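Number of protein chains: 2
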Amino acid sequence: MSNRKNKAPTILDVADLAGVSVGSVSRYLNGEQLRKKNRESIAAAIEKLSYSRNTSAANIRRKSSGFIGFLLPSFDEFHTGVLEEIVNQFTPKGYVVLPFSHGDQGSFLKGALEYFKAQKVDAIIASGDLGFFKSMDILQDIDVPLILYSNDIQGMNVDRVLIDDRKASKHAVKYMIEMGHTNIAILTGDLNDSTAIDRKRGYDEALASAELTEISAHNAAGNGWHTHHGYIGTLDLYKGENKPTAIFASNYFLALGAVQALEELNLKIPNDVSIISFGDASFLPFVTGGITAVSFSAKEIGRHICDFALSRITDQSAKSSRTYIHQPSLVVRNSVSRPK
Amino acid sequence: MSNRKNKAPTILDVADLAGVSVGSVSRYLNGEQLRKKNRESIAAAIEKLSYSRNTSAANIRRKSSGFIGFLLPSFDEFHTGVLEEIVNQFTPKGYVVLPFSHGDQGSFLKGALEYFKAQKVDAIIASGDLGFFKSMDILQDIDVPLILYSNDIQGMNVDRVLIDDRKASKHAVKYMIEMGHTNIAILTGDLNDSTAIDRKRGYDEALASAELTEISAHNAAGNGWHTHHGYIGTLDLYKGENKPTAIFASNYFLALGAVQALEELNLKIPNDVSIISFGDASFLPFVTGGITAVSFSAKEIGRHICDFALSRITDQSAKSSRTYIHQPSLVVRNSVSRPK
DNA sequence: TTGTATGCGTTATCAC
DNA sequence: GTGATAACGCATACAA
Numbered sequence: 035m036s037n038r039k040n041k042a043p044t045i046l047d048v049a050d051l052a053g054v055s056v057g058s059v060s061r062y063l064n065g066e067q068l069r070k071k072n073r074e075s076i077a078a079a080i081e082k083l084s085y086s087r088n089t090s091a092a093n094i095r096r097k098s099s100g101f102i103g104f105l106l107p108s109f110d111e112f113h114t115g116v117l118e119e120i121v122n123q124f125t126p127k128g129y130v131v132l133p134f135s136h137g138d139q140g141s142f143l144k145g146a147l148e149y150f151k152a153q154k155v156d157a158i159i160a161s162g163d164l165g166f167f168k169s170m171d172i173l174q175d176i177d178v179p180l181i182l183y184s185n186d187i188q189g190m191n192v193d194r195v196l197i198d199d200r201k202a203s204k205h206a207v208k209y210m211i212e213m214g215h216t217n218i219a220i221l222t223g224d225l226n227d228s229t230a231i232d233r234k235r236g237y238d239e240a241l242a243s244a245e246l247t248e249i250s251a252h253n254a255a256g257n258g259w260h261t262h263h264g265y266i267g268t269l270d271l272y273k274g275e276n277k278p279t280a281i282f283a284s285n286y287f288l289a290l291g292a293v294q295a296l297e298e299l300n301l302k303i304p305n306d307v308s309i310i311s312f313g314d315a316s317f318l319p320f321v322t323g324g325i326t327a328v329s330f331s332a333k334e335i336g337r338h339i340c341d342f343a344l345s346r347i348t349d350q351s352a353k354s355s356r357t358y359i360h361q362p363s364l365v366v367r368n369s370v371s372r373p374k
Numbered sequence: 035m036s037n038r039k040n041k042a043p044t045i046l047d048v049a050d051l052a053g054v055s056v057g058s059v060s061r062y063l064n065g066e067q068l069r070k071k072n073r074e075s076i077a078a079a080i081e082k083l084s085y086s087r088n089t090s091a092a093n094i095r096r097k098s099s100g101f102i103g104f105l106l107p108s109f110d111e112f113h114t115g116v117l118e119e120i121v122n123q124f125t126p127k128g129y130v131v132l133p134f135s136h137g138d139q140g141s142f143l144k145g146a147l148e149y150f151k152a153q154k155v156d157a158i159i160a161s162g163d164l165g166f167f168k169s170m171d172i173l174q175d176i177d178v179p180l181i182l183y184s185n186d187i188q189g190m191n192v193d194r195v196l197i198d199d200r201k202a203s204k205h206a207v208k209y210m211i212e213m214g215h216t217n218i219a220i221l222t223g224d225l226n227d228s229t230a231i232d233r234k235r236g237y238d239e240a241l242a243s244a245e246l247t248e249i250s251a252h253n254a255a256g257n258g259w260h261t262h263h264g265y266i267g268t269l270d271l272y273k274g275e276n277k278p279t280a281i282f283a284s285n286y287f288l289a290l291g292a293v294q295a296l297e298e299l300n301l302k303i304p305n306d307v308s309i310i311s312f313g314d315a316s317f318l319p320f321v322t323g324g325i326t327a328v329s330f331s332a333k334e335i336g337r338h339i340c341d342f343a344l345s346r347i348t349d350q351s352a353k354s355s356r357t358y359i360h361q362p363s364l365v366v367r368n369s370v371s372r373p374k
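These protein sequence lines map, in sequence, to chains A and B. Every position in the first sequence, counted from 1, becomes a number in the working numbering once 34 is added. Every position in the second sequence, counted from 1, becomes a number in the working numbering once 34 is added.
Have a look at this one:
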């Protein structure tokens with residue numbers, strides 16, 4: 035009886051050994067009520083056979099697949115940090131996280147959404163980056179909870195975990211102003227993204243409150259989040275008349291690009307030019323003696339994402355959308371000094 | 035007929051609309067040969083219904099879970115790069131990659147393996163880090179192909195994708211010697227790991243060939259791969275009599291720690307001290323004007339891992355184990371100069 | 001090359 | 001509570 039040679043045991047084998055029906059075993063596996071005696075004998079049988087449930091088979095009958103789609107723009111330090119926390123949160127609860135990077139390519143994004151659809155994910159977690167718009171139609175016929183993080187897309191009835199970009203940027207730029215800077219430039223990100231817009235907005239507000247005028251790079255490379263945008267932008271900045279004594283970089287890639295450009299221009303940080311990066315990274319303490327940065331916790335953001343996702347999955351009743359806004363902090367290192 | 039209201043379409047609906055049998059649709063999905071006319075009508079039906087295959091259902095018949103377990107020590111840039119490539123390779127083939135980070139904690143590692151077992155993964159890809167040994171017994175009763183990468187564990191009959199640590203280290207240290215250095219120190223990694231041992235070995239060989247003597251840090255923090263090991267180790271190095279003019283760091287975290295320590299000691303890179311990092315990272319060009327690094331391609335490593343994994347999965351016949359050894363290259367930046 | 005029928009391991013729906 | 005059994009969506013012998 036049962037335990038056919040070399041085959042993985044099924045609930046049938048377990049039921050056989052435990053002397054109950056498959057229905058009871060299934061109910062056991064799903065944590066439902068059953069007679070104590072049966073519960074024990076099933077547990078023993080599972081242990082003895084070292085049985086583990088075939089989730090594929092379960093999923094084809096169940097509405098819930100146990101999959102969580104996680105769409106990230108790239109595997110960089112921040113998004114990877116969020117991924118890690120999400121995996122850590124979901125795994126013990128029996129969910130499987132499917133990470134997918136679209137690499138800023140619209141076609142990949144569409145593929146990701148189709149992939150999630152095919153896998154029947156229970157929820158999608160996504161950074162609402164540019165290009166997302168274009169593929170939104172796919173989402174319509176997927177019909178699962180969507181949690182947006184980092185970048186916002188307005189007008190969608192979804193949960194959001196965002197960063198207080200405007201406020202934190204304003205705070206950071208004000209810090210530079212308090213240090214005595216009056217010529218402060220900004221390296222913006224891709225202005226299609228809400229984060230880029232809000233960080234710019236915070237910068238603007240800080241400047242306005244001190245009656246300073248904006249300096250932004252006329253970036254030959256166009257706006258964007260990558261190192262070379264920061265590099266080209268910074269080079270551009272110092273071609274003009276009004277040379278900045280401080281640079282506010284909208285993310286750490288841009289800051290890195292600025293560091294490279296300043297080095298070429300033989301301008302020292304922080305003696306000649308001060309710099310702040312929006313977004314911290316593990317290596318920032320080691321770049322030019324330490325880059326001062328606006329720091330936010332991927333872990334905390336990930337945790338809130340999971341809270342939202344889990345509650346949406348377990349309780350489908352349409353509550354109005356919720357938003358959590360994370361407050362970053364300024365980590366002061368050695369890249370900001372008083373201007374000469 | 036068919037297309038039951040509100041339900042996701044199945045091959046049955048597709049077959050119906052295309053005027054063929056479900057068998058043909060299934061075969062179409064699996065890329066088998068079929069009459070051109072049928073192929074086209076099926077494609078049209080799929081398009082029209084925006085059908086996508088239910089992989090869970092497919093996998094249950096195939097007797098495979100479609101899961102690939104990926105065990106990484108941490109979500110750092112290198113391992114994440116490998117993960118990305120693996121996801122990119124496996125996803126279009128219908129597999130789902132389950133990433134799991136053990137964070138150098140033995141208990142997590144055991145949990146990971148149990149997790150993989152419960153999910154019935156078709157293969158496990160793992161960096162053979164310390165601690166792996168202790169949990170090996172679990173592997174015995176999982177019985178799926180294992181592909182080791184980065185760190186090797188000897189005596190196992192598995193496929194391996196490794197880096198030529200010894201050769202590349204030797205090459206890097208020789209480069210320092212050619213630049214005129216005679217006092218070259220090493221910051222080793224955790225000497226339980228094959229990579230740490232082999233990088234040390236390469237260093238030793240380079241030194242021996244020039245009849246130089248070794249300088250290694252008596253690290254109060256113990257050996258390890260993390261920034262603080264590099265930091266403490268470097269501080270230690272400059273307490274002694276025989277102060278090195280060059281440092282070979284066994285990974286980039288150690289290099290970062292060294293940079294920090296040297297800064298505190300007010301020693302300039304590369305004027306006072308030269309440094310090479312084994313392992314490149316996106317930010318290394320921006321640390322102290324550019325850190326020279328031994329560079330290996332996560333993408334290429336990932337690709338070979340997938341080749342091995344896929345062939346093991348599809349062809350279970352026990353071939354002898356294969357090994358691919360990746361040859362890194364030295365990326366010269368500005369952290370090595372001739373000693374004064 | 002194509003259609004038919006059976007089976008995969010699990011959950012859900014019934015009666016009991 | 002529990003047991004029998006019909007789905008679930010797909011792959012795959014087997015037959016045609």
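Glycine included, C-beta positions come from ideal geometry on N, C-alpha and C. Values in this document were obtained by computation on a predicted structure and should not be read as measured data.
If the five residues before and after residue 235 of chain A are omitted, its C-beta is found closer than 6 Å to the C-beta atoms of 200, all from its own chain and listed in chain order.
Going by beta carbons, residue 64 of chain B and residue 90 of chain A fall outside the 7 Å limit. Relative to the Cα of residue 277 of chain B, the nearest Cα in the group B:287, B:136, B:373 and B:184 belongs to B:373. In this structure, B:233 is the residue among B:302, B:233 and B:217 with its C-alpha nearest to the C-alpha of residue 206 of chain B. DSSP places residue 296 of chain A inside the alpha helix (DSSP H), whose first and last residues are 286-298.
Using a Cβ-Cβ cut-off of 7 Å, residue 230 of chain B does not count as an interface residue toward chain A, since no Cβ of chain A sits closer than that to its own. Near chain A, meaning a CB-to-CB distance below 7 Å, the residues of the segment 270-299 of chain B are 290, 293, 294 and 297. The Cβ-Cβ distance between residue 79 of chain A and residue 48 of chain A falls below 7 Å. Taking C-beta separations shorter than 8 Å and ignoring five residues to either side along the sequence, the partners of residue 269 of chain B in its chain run 295, 298 and 299, following chain order.
Scanning chain B for C-beta atoms nearer than 8 Å to the C-beta of residue 79 of chain A yields nothing, as the closest lies near 16 Å away. Under the Cβ criterion (8 Å, minimum of three pairs), the segment 148-165 of chain A counts as touching the segment 179-194 of chain A. The DSSP assignment places 193-197 and 218-221 as complete runs of the beta strand (DSSP E) inside the segment 181-243 of chain B, in order along the chain (cut-off: 3 residues).
Note on residue 135 of chain A: 16 or more other CB atoms within 10 angstroms of its CB, so buried under the neighbour-count rule.
In the structure shown, residue 150 of chain A adopts helical secondary structure according to DSSP, grouped into three states.
Approximately 5 Å separates the beta-carbon atoms of residue 369 of chain A and residue 309 of chain A; this is inside 8 Å, confirming the contact. For residue 257 of chain B, the nearest beta carbon of chain A is not closer than 7 Å to its own beta carbon. Scanning its chain for C-beta atoms nearer than 7 Å, with the 5 sequence neighbours on each side dropped, one finds around residue 146 of chain B the residues 105, 134 and 136, in chain order.
Collapsing the DSSP output to three states places residue 42 of chain A in coil. Within a 10 Å sphere around the beta-carbon of residue 227 of chain B sit 16 or more other beta-carbons, which makes this residue buried.
DSSP places residue 57 of chain A inside the alpha helix (DSSP H), whose first and last residues are 56-63. Straight through space, the alpha carbons of residue 95 of chain B and residue 346 of chain B are spaced by roughly 19 Å. With 16 or more other CB atoms across the displayed protein chains lying within 10 angstroms of its CB, residue 51 of chain A is buried.
Scanning A:328, A:292, A:306 and A:305 for the CA closest to the CA of residue 316 of chain A turns up A:328. Assigned with DSSP and collapsed to three states, residue 116 of chain A falls in helix. Annotated three-state conformation of residue 342 of chain A is helix, per DSSP. In the displayed model, residue 332 of chain A falls within a helix according to three-state DSSP. Going by DSSP, residue 262 of chain B is part of the alpha helix (DSSP H) stretching over 261-271.
Only exposed fits residue 212 of chain A, as fewer than 16 other CB atoms lie within 10 angstroms of its CB.
Residue pairing by DSSP places residue 101 of chain A opposite A:130 in a beta bridge. Of the candidates A:241, A:221 and A:193, the residue whose Cα lies closest to the Cα of residue 210 of chain A is A:241.
Residue pairing of residue 326 of chain B in beta bridges, as defined by DSSP: B:310. Taking all protein chains in view, the Cβ of residue 218 of chain A is crowded by 16 or more other Cβ atoms within 10 Å, so the residue is classified as buried. Taking a beta-carbon distance threshold of 7 Å, residue 151 of chain A counts as an interface residue toward chain B. At a cut-off of 7 Å between beta carbons, residue 64 of chain B makes no contact with chain A.
Chain-ordered, the chain A residues with CB closer than 8 Å to the CB of residue 121 of chain B read 133, 134 and 135.
The beta carbons of residue 322 of chain A and residue 290 of chain A sit no closer together than 7 Å.
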